[in-house]
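Colleague: Just so it is clear: in the sequence shown, position 147 is 155 by the working numbering, and no numbers are missing.
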Amino acid sequence: MDVYLDNAATTALDPEVLEAMLPYMRALCGNPSSIHSHGRRAKVAVEKARKCVATLLNVSPAEVFFTASGTEGNNMALWGSVAASSIDHVITSSIEHHAVLQPLEKMRQAGQIQLHWVRVDAQGNLQYDHLEYLLKTNERVLVSLMHANNEIGNLNDLARIGALCQTYGAIFHTDAVQTIGHCMLDFQTLPVHLAVGSAHKFHGPQGVGLIYIRSGTQVSPIIDGGAQERNMRGGTEHVPGIVGLGKALEIAHRDMQRDHQYIQGLKDHMIQRLQTCIPGVVFHGTSAHAEASLYTILSVSLPPSDSHDMLVFNLDIQKISASVGSACTSGSHVGSHVLQALGIDQRRGAVRFSFSKYNTAEEIDYVVEQLRMLSGAPAQYKSR
Ligand code: PLP
């Protein structure tokens with residue numbers, strides 16, 4: 009059996025999305041900046057996708073910009089808003105994605121900002137009192153806190169963070185790469201200034217993302233050389249990708265209730281099977297608590313063993329794709345900065361499993377059985 013449980017890294021393209029994209033790779037080619045009919049048709053397709061995304065996120069099309077990735081969107085939000093407004097302080101957490109941590113660290117090193125770290129507890133829960141303290145004691149602040157953590161699935165309360173930012177006059181950026189397309193998000197109501205998504209996390213194509221910039225929020229372009237995206241991002245638009253992003257988000261919202269229930273069922277099943285088959289298994293962060301974590305992610309450690317540093321490779325040999333940390337760190341032997349921040353002993357063999365609508369209960373059973381054998385748990389724990 010060939011099992012893909014790394015959907016937080018990337019998801020399979022939905023066939024409906026591919027159908028929507030294909031014409032724009034064939035006869036409907038055209039550069040949206042060209043004035044001829046092919047160009048005009050491409051432009052219409054981009055604007056149609058923008059309108060679709062805006063409607064689904066309950067914002068204005070003028071507040072939606074397409075990018076080449078979630079990484080680019082986060083860079084644009086951070087570099088762009090620090091360059092455009094008089095931000096001196098940025099508040100973030102140590103468990104953000106590197107697409108947030110690295111630009112912020114560069115800005116800090118260049119003396120552009122002072123960085124402040126909101127405390128997280130051993131479960132990865134944000135300490136909201138500490139966030140309020142940091143907001144109270146600093147001025148001209150940008151807050152950058154993700155919606156769902158990509159390694160442990162913890163969900164931050166965007167409404168609560170946004171309300172605190174409003175009280176203290178801070179700009180709020182959220183990396184919502186793991187939740188746009190998986191949660192219903194209404195950015196008209198949520199007090200968020202900047203939010204970032206990425207199509208390939210919700211069965212859209214790789215290499216295309218989006219950024220929501222609330223009207224009135226100052227952001228300078230970070231890519232110059234063209235007037236595309238209303239002067240906010242130079243470079244010819246990835247038309248088939250943008251069409252695919254729009255279609256993927258439409259499908260994600262259309263089927264969200266059903267898919268959420270199904271995927272949560274798979275995750276619950278895996279938790280239950282792991283607890284039954286492997287004594288001493290642990291779950292990281294809040295990933296085993298349905299209300300507090302994203303339904304697509306489960307972070308697991310097996311009981312301590314010398315062989316667990318090879319766990320993901322051993323799973324790979326059994327044709328199971330999962331990851332240690334985020335896609336960018338797996339295989340690089342640096343371990344996970346998120347698990348490290350939570351004080352987790354990574355020699356226990358931490359694995360992130362992430363699910364999609366294409367996974368099945370049979371696949372979960374197969375993976376749990378492989379884990380049981382790798383953990384050395386006796387077969388009597390095997391209940392089927
Ligand atoms: N932010 C988070 C939370 C992610 O999980 C990822 C990808 O894993 C990114 C940003 C980067 O997105 P992309 O792969 O589209 O650059």
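A virtual CB, placed ideally from N, CA and C, is assigned to each residue, including glycine.
1. I believe G293 touches Q131 by the beta-carbon criterion, under 8 Å. Please report the beta-carbon distance rounded to the nearest angstrom.
2. Select from V375, D129, I231 the residue whose C-alpha is nearest the C-alpha of I286.
3. For D129, collect the residues of the same chain with a Cβ closer than 8 Å to its Cβ; drop the 5 residues on either side in sequence, then sort them by chain order.
4. Would you mind sorting D267 into buried or exposed? The rule is 16 or more other CB atoms within 10 Å of its CB.
5. Kindly list the residues whose CB is nearer than 6 Å to the CB of C173, restricted to its own chain and excluding five residues on each side of it in sequence; keep chain order.
6. What does the Cβ neighbour count give for D137, buried or exposed, with the cut at 16 atoms within 10 Å?
7. Pick out whichever of M115, G47, S309 has its Cα sitting closest to the Cα of R380.
8. From the DSSP secondary-structure annotation, give me the bridge partner or partners of C191.
9. The beta strand (DSSP E) that contains I160, what's its start and end?
10. For E370, count neighbouring C-beta atoms within 10 Å of its own C-beta (all shown protein chains included) and say buried if the count is 16 or more, exposed if not.
11. Within 10 Å of its beta-carbon, does V33 have 16 or more other beta-carbons around it, so buried, or fewer, so exposed?
12. Is any heavy atom in the ligand PLP found nearer than 7 Å to the beta carbon of S101?
13. Measuring only from the beta carbon, is A107 closer than 7 Å to any heavy atom that is part of the ligand PLP?
14. For the stretch 69-76 and the stretch 114-127, state whether three or more C-beta atom pairs, one from each stretch, are separated by less than 8 Å.
Modeller: Taking the coordinates as given:
1. 6 Å
2. V375
3. Q135
4. buried
5. V151, F180
6. exposed
7. S309
8. I188
9. Premise fails: I160 is in no beta strand (DSSP E) and is neither H nor E.
10. exposed
11. The identity of residue 33 in the sequence shown is Met, whereas the question assumes Val. Answer is exposed; the Cβ neighbour count stays below 16.
12. no
13. yes
14. no
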